[in-house]
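Undergrad: Below is a structure I'd like to ask you about.
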Amino acid sequence: MTNKQKTPGMATRAIHAGERRKPPQGIPISTPIYSSATFLYDQLETVDEIFAGTRPGFTYSRHENPTAGALETAVAALEETEVAVAAGSGMAALHLALLAAEVGAGSRILAARDIYGVTYKLLLEVFGRLGVETRFADFHDVGELGRQLAEFRPQVALLESISNPLLRVADLPRIAEQARSVGARLVVDNTFATPVLLRPAAWGADLVVHSATKYFGGHGDLIGGLVLGGEEYRQPLRLFAKIVGPVLGPFEAWLALRGLKTLPLRMERHCANARRVADWLADHPRIARVHYPGRADHPDAVLARRLFPPDMFGGLVTFEIRDAGRDQVFRFVNSLKLCLKATSLGDVQTLVLYPAISSHRDLGPALRQRLGIGDNLLRLSVGIEDADDIIADLAQALG
Ligand SMILES: *Cc1c(COP(=O)(O)O)cnc(C)c1O
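Each residue of the sequence shown is one higher than the last, beginning at 285 in the numbering used here.
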């Protein structure tokens, strides 16, 4: 054997060669995908300081990750909040928000009756089993909300800024004031509106939640979520994210960050297209009713004009086919060629959803009818294709 330095073995080379280069001199103009579970420092003292919280830095990607961090900074800038924490899905974000709002055994939550179906289940089947009591109220009814808040004294009031599928707009300034008067924290799911239309924190929401799967990503290629709030929520959000571990992977964070760059641009087009589609549908003899907050016949038309930017009323349009039952609705949806019959919303593609068999299936026909969600009702997430093509597709399928 010679004393010349021994070349590392094949396995060692395969594992270490080329890795852990110093970051390049130039700063990448686009945040890279930091697909690294853990982070390395020259001195153990540095790691000690980071764990102690006396020095910023990344240690482990369940705690914080640079790509997710870039997304968090960007969304906080759009929602104009101090803090954002990314989560693996919109549902994980809602769960995290409720933990950060100190929901626990004996807590009471008052939720909007028209909340997203899975949120219903999160409240009843997950938090319910842990000793949290949830009641539901119509947040559009000032009197009912006031009575329920006064009687039930919830720690948390939870609602969506634009509801599904009837697209009711929440009067956030009024609701925030009502919640504050009984000391309830207000949690707002702002997925349908996006910060382009509405920033709930500015109206008094304590925590804002997003499914990044929808308009933030915008291309139907990721699942993700975010929770936003004021400085007082930084510590609890980070702590629960770290302990429970609902983190967003760096690749999904990167996709969402990329999507965000065109969010304002896409929203303009979504809104303009939705407006045209809504007006066209309303004039069609086979359509009984259109629900769109930008139309004068919507119950929240005046409120929407007050809360949203000029001529922006969202990308969703809900409509009812005249005298149609399941069979006619199936035939209509099956005839669509451009509009995709897929769950979800907020994508560049136009998506059509039949609530009676999907989002509101479990409610049963009687309750659906009572909520105004008939078997003839469809929800369209209007994409950013050419509006004429979307309309032509709807026309041929209605024909
Ligand atoms: C989709 C959605 C969610 C859940 O988000 P995921 O990313 O699918 O977990 C929550 N709230 C609203 C309003 C949604 O549309």
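All residues carry an ideal CB built from backbone N, CA and C; glycine is no exception.
With a CB to CB cut of under 7 Å and the five nearest residues on each side skipped, what residues in its chain are close to G501?
TA: Numbered from its first residue, the sequence shown carries residue 501 at position 217. Answer for G501: G508, L539, A540 and G543, listed in chain order.
Undergrad: Pop quiz: L380 and V511 are said to be a contact at Cβ under 8 Å. What is the actual Cβ separation, rounded to whole angstroms?
TA: On the sequence shown, residue 380 is found 96 positions in, with the first residue counted as 1. On the sequence shown, residue 511 is found 227 positions in, with the first residue counted as 1. Between V511 and L380 the Cβ distance is about 5 Å, and since that is below 8 Å, they are a contact.
Undergrad: Starting from E333, follow the alpha helix (DSSP H) in both directions and report where the run begins and ends.
TA: By one-based count along the sequence shown, residue 333 stands at place 49. Where E333 is concerned, the enclosing alpha helix (DSSP H) stretches over L328 to A336.
Undergrad: Can you list, in chain order, the residues of its chain with a C-beta nearer than 6 Å to that of G667? Leave out the 5 residues immediately preceding and following it.
TA: Looking up residue 667 in the sequence shown gives position 383. Cβ neighbours of G667 beyond the five flanking positions: V632, Q633 and T634.
Undergrad: Answer yes or no: the CB of Y499 versus the heavy atoms of ligand 1, is any distance below 6 Å?
TA: Here the question's residue 499 lines up with position 215 in the sequence shown. Y499: no, Cβ never under 6 Å from ligand 1.
Undergrad: Just to confirm, is the Cβ distance from A441 to L394 under 7 Å?
TA: Counting from one through the sequence shown, the residue named residue 441 turns up at place 157. Counting from one through the sequence shown, the residue named residue 394 turns up at place 110. Result yes, Cβ atoms of A441 and L394 sit closer than 7 Å.
Undergrad: Are three or more beta carbon pairs between the region 544 to 556 and the region 479 to 490 nearer than 8 Å?
TA: yes
Undergrad: Measuring CB to CB, does F524 end up less than 7 Å from L414?
TA: Along the sequence shown, one-based indexing puts residue 524 at 240. Along the sequence shown, one-based indexing puts residue 414 at 130. Not in contact: F524 and L414 (Cβ atoms no closer than 7 Å).
Undergrad: Less than 6 Å separating the Cβ of S314 from some heavy atom of ligand 1?
TA: Taking the sequence shown and counting its residues from 1, the one referred to as residue 314 is at position 30. No, ligand 1 has no heavy atom inside 6 Å of this Cβ.
Undergrad: To which residues does DSSP link A352 through a beta bridge?
TA: Counting from 1 along the sequence shown, the entry for residue 352 is found at position 68. DSSP lists no partner for A352.
Undergrad: According to DSSP, which residues form a beta bridge with F603?
TA: Taking the first residue of the sequence shown as 1, we reach residue 603 at position 319. Answer is V574 and L662, bridged to F603.
Undergrad: Any chance the region 358 to 367 sits against the region 316 to 335, with 3 or more Cβ pairs inside 8 Å?
TA: Contact between the region 358 to 367 and the region 316 to 335 is absent: fewer than 3 CB-CB pairs across the two stretches fall below 8 Å.
Undergrad: Okay, do the region 553 to 564 and the region 365 to 377 touch, 3+ Cβ pairs below 8 Å being the bar?
TA: no
Undergrad: At what residues does the alpha helix (DSSP H) containing T403 begin and finish?
TA: In the sequence shown, counting from the first residue as 1, residue 403 sits at position 119. First-last of the alpha helix (DSSP H) with T403: G401 to K405.
Undergrad: Tell me whether F535 is buried or exposed, calling it buried when 16 or more other Cβ atoms sit within 10 Å of its Cβ.
TA: Working through the sequence shown from its first residue, we reach residue 535 at position 251. Under this definition F535 is an exposed residue.
Undergrad: Under the DSSP definition of a beta bridge, which residues are partnered with Y344?
TA: The count along the sequence shown starts at 1 and reaches residue 344 at position 60. According to DSSP, which records beta bridges pairwise, Y344 is partnered with T322.
Undergrad: How far does the beta strand (DSSP E) with D473 in it extend, from its first residue to its last?
TA: Residue mapping note: residue 473 aligns to position 189 of the sequence shown, counting from 1. It spans R469 to D473 - the beta strand (DSSP E) in which D473 sits, taken as one unbroken run.
Undergrad: Grouping DSSP H, G and I as helix and E and B as strand, with all else coil, what is H494?
TA: Numbered from its first residue, the sequence shown carries residue 494 at position 210. H494 falls in the strand class under three-state DSSP.
Undergrad: Need the endpoints of the alpha helix (DSSP H) that R702 sits in, please.
TA: Absent from the model: residue 702. The displayed extent of the chain is 285 to 683, so no value can be given.
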